[in-house]
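One structure is given here, and the rest of the page talks about it.
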Amino acid sequence: MFFKMGHKKKQKRVFAGLLAIFLLIAITYFLLTKSPSLSNNEVGMIFSEGKRTKEAIELALKRSRLYSDSREKQYIQAHGSDYGYSQGKLKEINDEEHFHLQNKVYLDYTGAAPYPISILKQSYSDFSKHFYANAHSRSQPSLKTNDLIEKFRSKLLEYFNTNPSQYSVVFTSGTTQALKLVGETFPFSRDSKFAYLNQNHNSVIGIREYALLKQSSFLSLKEEGVQQFIKDEKENWNENENKNKNENGEGEEEEEEEEVTFNLFAYPAESNFDGSKYDLNWIKDFQSIKSKNWLVLLDAAAYLPSNKLDLGKYPADFVTLSFYKMFGYPTGLGALIINNDIVHLLQKSYFGGGTVVLVSDCSTFCVRHPNPSTKFEDGTLPFLDIIAAKYGLQFIENLGIDHISKHIYYLGKYLVEELLKFKWGNGNPVVEIYGKWDLQQDNNFNKQGGIVAFNILNPKRNYLNFNDVQETLESEGINLRTGCNCNPGACTQYFDINENDLQEAAEEKESCGDDIVFINNKPLGAIRASLGYGTTFEHVDYLIQVIKMKFVEKEQDFTFL
Numbered sequence: 003m004f005f006k007m008g009h010k011k012k013q014k015r016v017f018a019g020l021l022a023i024f025l026l027i028a029i030t031y032f033l034l035t036k037s038p039s040l041s042n043n044e045v046g047m048i049f050s051e052g053k054r055t056k057e058a059i060e061l062a063l064k065r066s067r068l069y070s071d072s073r074e075k076q077y078i079q080a081h082g083s084d085y086g087y088s089q090g091k092l093k094e095i096n097d098e099e100h101f102h103l104q105n106k107v108y109l110d111y112t113g114a115a116p117y118p119i120s121i122l123k124q125s126y127s128d129f130s131k132h133f134y135a136n137a138h139s140r141s142q143p144s145l146k147t148n149d150l151i152e153k154f155r156s157k158l159l160e161y162f163n164t165n166p167s168q169y170s171v172v173f174t175s176g177t178t179q180a181l182k183l184v185g186e187t188f189p190f191s192r193d194s195k196f197a198y199l200n201q202n203h204n205s206v207i208g209i210r211e212y213a214l215l216k217q218s219s220f221l222s223l224k225e226e227g228v229q230q231f232i233k234d235e236k237e238n239w240n241e242n243e244n245k246n247k248n249e250n251g252e253g254e255e256e257e258e259e260e261e262v263t264f265n266l267f268a269y270p271a272e273s274n275f276d277g278s279k280y281d282l283n284w285i286k287d288f289q290s291i292k293s294k295n296w297l298v299l300l301d302a303a304a305y306l307p308s309n310k311l312d313l314g315k316y317p318a319d320f321v322t323l324s325f326y327k328m329f330g331y332p333t334g335l336g337a338l339i340i341n342n343d344i345v346h347l348l349q350k351s352y353f354g355g356g357t358v359v360l361v362s363d364c365s366t367f368c369v370r371h372p373n374p375s376t377k378f379e380d381g382t383l384p385f386l387d388i389i390a391a392k393y394g395l396q397f398i399e400n401l402g403i404d405h406i407s408k409h410i411y412y413l414g415k416y417l418v419e420e421l422l423k424f425k426w427g428n429g430n431p432v433v434e435i436y437g438k439w440d441l442q443q444d445n446n447f448n449k450q451g452g453i454v455a456f457n458i459l460n461p462k463r464n465y466l467n468f469n470d471v472q473e474t475l476e477s478e479g480i481n482l483r484t485g486c487n488c489n490p491g492a493c494t495q496y497f498d499i500n501e502n503d504l505q506e507a508a509e510e511k512e513s514c515g516d517d518i519v520f521i522n523n524k525p526l527g528a529i530r531a532s533l534g535y536g537t538t539f540e541h542v543d544y545l546i547q548v549i550k551m552k553f554v555e556k557e558q559d560f561t562f563l
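In this text, residue positions in the sequence shown follow our numbering: the first is 3, and each later residue adds one.
Quick look at the structure:
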């Protein structure tokens, strides 16, 4: 009897278990198949904070041990009005927007801004409530998508103090594709010149290959040589103008109109290597050499995350940018902004997707799309990314770009001041700083951005292997970047690297991020701490204290020259 009763209880438990599994499957099926209409609270739950990892808790304890309330109070007393934003906003950014950093000290904003959680929430909420489709179709979802894309183009131009009658926005996969598009379409000819600042990103210098295909000449200019080059170009133009007048007679027009030669000058608004800012007045200076002779390309990728660009005041012919550098998300989306007055000069070969109106499959007949933006956007745009980007722009506008600029400048200045205080026993500096940091001037915004590039030296002024520095800082929860940062001109200038050095290095190096960091007793890069909207005094001070603890006060087996 006892056995039978136990057997029945076991059967009941099995039946109950099967029933529970069935109900779970039924509920899951219902949730997966019902119409997705999520409330803001539900969306928030999807992106809930969760828990701090063990590593994050340990990092917080490390930082607290090195933190000094008196140092922060002293800093805020000196720069309080330019530190942070509204009351408590910095804490909100790091506690809520950057929870996913898990207490890491992130100092690679020039590489990519950390994406704020609120942008993800707003984007997901939008996408869960509205359906968007390929803008090349004529369905209602497609028309709605196209409308939002055009509104964002206009919003972006408004942000740069211009409008669609003056400029066109061409969406690209990023700054590099935007620069490549300029190179592919620019009307280079045998007599053209491609001049560029020596401190440029690889992606700008790469345009040189398109110039060479058309047998154009090229020239790398140092900052101090730009004004002289402009002066020489103006004098050469005036001499040729006077010569033509003398040959043809004053006031007479030539019977045959000469083919106009177009030249291109390219430079960054801010160096991605050391944060040096360059004169935006160069734009008009080059454009004034001869009407429509010199066009100017401004690489604004490193500049825009912490600066406002006024195209009404500085009307560059081309501007390139990446959105993830400005506000972290979405990635894979950038833009080329083109002055409408010069769009007709660009020579596009390939066409694809919606860039044409009519095409013949059996002849060369082809009618390009008249809209400048559409003409250069081959294929379907990443429409969801473009819609998401508007939330990123709103995020930056809510903080205020001028506040961001001052906030990171003064934090960067504090970092430089403290690093330069470190001295070896013989009086030699521990740190070598690059850029335009002028500690005698309180306000140097127009010349220097929030990037601190440096190397660590030993008492004999030999350079420490910057990869060793990065590994040590990473072990203490500090994220930054080392190397030349795809800016070869900066390294050749600062470290006196010549062509022979480059050729010798090329025989050993396999990539820009490998372990070869010295060539002929010269470093092939530096350590870059790039600050951003979420950087706090504590972050910067922690970096200073770790450098002091690991490299100044404690001798370790690091690789020096």
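Note that CB positions come from ideal geometry on N, CA and C, so glycine has one too.
- Report the three-state DSSP secondary structure of phenylalanine 397 (helix, strand or coil). As a first step, residue 397 is located in the sequence shown; it is residue number 395 there, counting from the start. In this structure, phenylalanine 397 counts as helix in the three-state DSSP scheme.
- Query: leucine 215 bridges to which residues according to DSSP?
  - Reply: Sequence index remark: in the sequence shown, residue 215 carries index 213 (1-based). BP columns for leucine 215 are empty, so no partner.
Notebook entry, point to check: Touching or not, the stretch 334-346 and the stretch 359-370, by the rule of three or more beta carbon pairs under 8 Å?
Noted result: no
Quiz item: Which same chain residues, not among the five before or five after glutamate 261, have their C-beta less than 8 Å away from its C-beta?
Solution: Position 259 of the sequence shown holds residue 261. Excluding residues within five positions, the ones whose Cβ falls inside 8 Å are Ser191.
Applying the 10 Å Cβ sphere with the 16-neighbour rule, what's the burial state of phenylalanine 456? Within the sequence shown, the letter at position 454 stands for residue 456. With 16 or more Cβ atoms within 10 Å of its Cβ, phenylalanine 456 is classed as buried.
Q. In three-state terms, what does DSSP make of glutamine 450?
A. Mapped onto the sequence shown, residue 450 falls at position 448. Looking at glutamine 450 - three-state DSSP - the assignment turns out to be strand.
Margin query: Among the candidates Val359, Lys216 and Asp387, whose CA atom is the shortest distance from the CA of proline 374?
Written below: Working through the sequence shown from its first residue, we reach residue 374 at position 372. With distances taken between Cα atoms, proline 374 lies closest to Val359.
Open item on the list: Beta-carbon within less than 6 Å of glutamine 472's beta-carbon, same chain only, minus the 5 sequence neighbours each way: which residues are those?
Closed with: The sequence position of residue 472 within the sequence shown is 470, counting from 1. So the list reads Thr484, once near-sequence residues are dropped.
(request) May I ask which residues mark the beginning and end of the alpha helix (DSSP H) holding phenylalanine 325? (result) Taking the first residue of the sequence shown as 1, we reach residue 325 at position 323. Element bounds for phenylalanine 325: 325-329.
_Only counting the same chain, and skipping five residues up and downstream in sequence, which positions put a Cβ closer than 8 Å to that of glycine 334?_
As a working note, residue 334 is residue 332 in the sequence shown. For glycine 334, where only same-chain residues beyond five positions count, the Cβ hits under 8 Å are Ser175, Gly176, Tyr326, Pro384 and Asp387.
With threonine 484 as the anchor, note down where its beta strand (DSSP E) starts and where it stops.
Indexing the sequence shown from 1 puts residue 484 at position 482. It spans 483-485 - the beta strand (DSSP E) in which threonine 484 sits, taken as one unbroken run.
**Asked** Going by the CB atoms, is the gap between alanine 197 and phenylalanine 267 shorter than 8 Å?
**Response** Your numbering for residue 267 matches position 265 in the sequence shown. Your numbering for residue 197 matches position 195 in the sequence shown. Contact flag set, yes.
Taking proline 189 as the reference, which of Gln179, Ile207, Tyr212 and Val206 has the closest Cα? For the purposes of this step, residue 189 is taken as residue 187 along the sequence shown, with counting starting at 1. Answer by Cα proximity: Tyr212.
**Report entry** Sufficient close CB pairs (3 or more, under 8 Å) joining the stretch 532-540 to the stretch 397-410
**Finding:** In short, these stretches touch, since the Cβ pair count reaches three.
* Asked: For phenylalanine 424, which three-state DSSP category applies?
  -> Numbered from its first residue, the sequence shown carries residue 424 at position 422. The answer is coil: DSSP assigns phenylalanine 424 none of H, G, I, E or B.
* Asked: Taking contact to mean at least 3 C-beta pairs separated by less than 8 Å, is the stretch 56-73 in contact with the stretch 392-405?
  -> no
State yes or no: is the C-beta of isoleucine 232 within less than 8 Å of the C-beta of isoleucine 291?
Locating residue 232 in the sequence shown gives position 230, counting from the first residue. Locating residue 291 in the sequence shown gives position 289, counting from the first residue. Yes, these two residues count as a Cβ contact at 8 Å.
query = Count the other CB atoms within 10 Å of the CB of arginine 463; is the residue buried (16 or more) or exposed (fewer)?
reply = Working through the sequence shown from its first residue, we reach residue 463 at position 461. Per the 10 Å Cβ criterion, exposed.
Cβ neighbours of tyrosine 111 in the same chain (closer than 7 Å, five flanking residues each side left out): Working through the sequence shown from its first residue, we reach residue 111 at position 109. Contacts found: Pro307, Ser532, Leu533 and Gly534.
So the beta strand (DSSP E) alanine 528 belongs to, where does it begin and stop? The residue labelled residue 528 in the question sits at position 526 within the sequence shown. Note, alanine 528: beta strand (DSSP E), 528-532.
Quiz item: Under a three-way DSSP split, which group does proline 143 fall into?
Solution: Translated into positions along the sequence shown, residue 143 becomes position 141. Correct three-state label for proline 143: helix.
Suppose the cutoff is 8 Å on Cβ atoms and the five residues either side in sequence are ignored; what does the same chain contact list for isoleucine 403 look like?
As a first step, residue 403 must be located in the sequence shown, where it is residue number 401. Result list for isoleucine 403: Ser308, Asn309 and Lys310, in chain order.
TODO: Please say whether leucine 545 and leucine 580 have beta carbons closer to each other than 8 Å?
DONE: Missing from the structure shown is residue 580; the chain here goes from 3 to 563 and no further.
Legend entry - Helix, strand or coil at cysteine 368 [DSSP, three-state]: The residue labelled residue 368 in the question sits at position 366 within the sequence shown. In the structure shown, cysteine 368 sits in a strand (DSSP, three-state: E or B).
- request: Compare the C-alpha of isoleucine 406 against each of Phe447, Phe173, Leu421 and Thr376 and name the closest.
  value: Here residue 406 refers to the residue found at position 404 when the sequence shown is read from its first residue. When only C-alpha atoms are compared, the closest one is Phe447.
Taking C-alpha atoms, which residue in His100, Glu419, Gly113 and Ala508 lies nearest to serine 120?
-> As a working note, residue 120 is residue 118 in the sequence shown. Comparing Cα positions, the closest option is His100.
key: Proximal residues to leucine 145 (C-beta, below 7 Å), its chain only, five neighbours per side dropped   = Taking the first residue of the sequence shown as 1, we reach residue 145 at position 143. Answer for leucine 145: no residue qualifies.
Exposed unless 16 or more other CB atoms sit within 10 angstroms - verdict on glutamate 379 = Here residue 379 is taken as the residue at index 377 of the sequence shown, counted from 1. Glutamate 379 should be labelled buried.
Practice item. Take glutamate 434 and list the residues in its own chain whose beta-carbon comes closer than 7 Å to its own, dropping the five residues that flank it on each side. Key: Within the sequence shown, the letter at position 432 stands for residue 434. Cβ within range, chain order: Phe456, Asn457 and Leu459.
- prompt: For alanine 528 versus tyrosine 436, is the C-beta spacing smaller than 8 Å?
  reply: Numbered from its first residue, the sequence shown carries residue 528 at position 526. Numbered from its first residue, the sequence shown carries residue 436 at position 434. Yes, they are a contact pair.
Practice item. Could you pull out every residue in the same chain whose Cβ sits closer than 7 Å to the Cβ of methionine 3, ignoring the five residues on either side in sequence? Key: Translated into positions along the sequence shown, residue 3 becomes position 1. Summary for methionine 3: the model assigns pLDDT 40, below 50, so the residue's position carries little reliability, and this model does not support an answer.
task = Using only alpha-carbon positions, find the residue among Asp97, Ser167, Leu68 and Ser273 that is nearest to lysine 449.
result = As a position in the sequence shown, residue 449 is number 447, starting the count at 1. Nearest option by C-alpha distance: Ser273.
| query | Alpha carbon to alpha carbon, what distance is there between threonine 147 and aspartate 312? | reply | For the purposes of this step, residue 312 is identified with residue 310 of the sequence shown, where counting begins at 1. For the purposes of this step, residue 147 is identified with residue 145 of the sequence shown, where counting begins at 1. Rounded to the nearest whole angstrom, the CA to CA distance from aspartate 312 to threonine 147 is 28 Å.
Discussion item. Determine whether the beta carbon atoms of lysine 550 and phenylalanine 424 lie at a separation below 8 Å.
Written reply: The residue labelled residue 550 in the question sits at position 548 within the sequence shown. The residue labelled residue 424 in the question sits at position 422 within the sequence shown. Contact: yes.
What residue range is occupied by the uninterrupted beta strand (DSSP E) comprising serine 170? In the sequence shown, the residue the question calls residue 170 occupies position 168. Counting along the chain, the beta strand (DSSP E) containing serine 170 begins and ends at 169-174.
**Asked** Hey, would you say threonine 178 sits closer than 8 Å to serine 222, going by beta carbons?
**Response** What you label residue 178 is simply residue 176 of the sequence shown in a count that begins at 1. What you label residue 222 is simply residue 220 of the sequence shown in a count that begins at 1. Not closer than 8 Å, so no.
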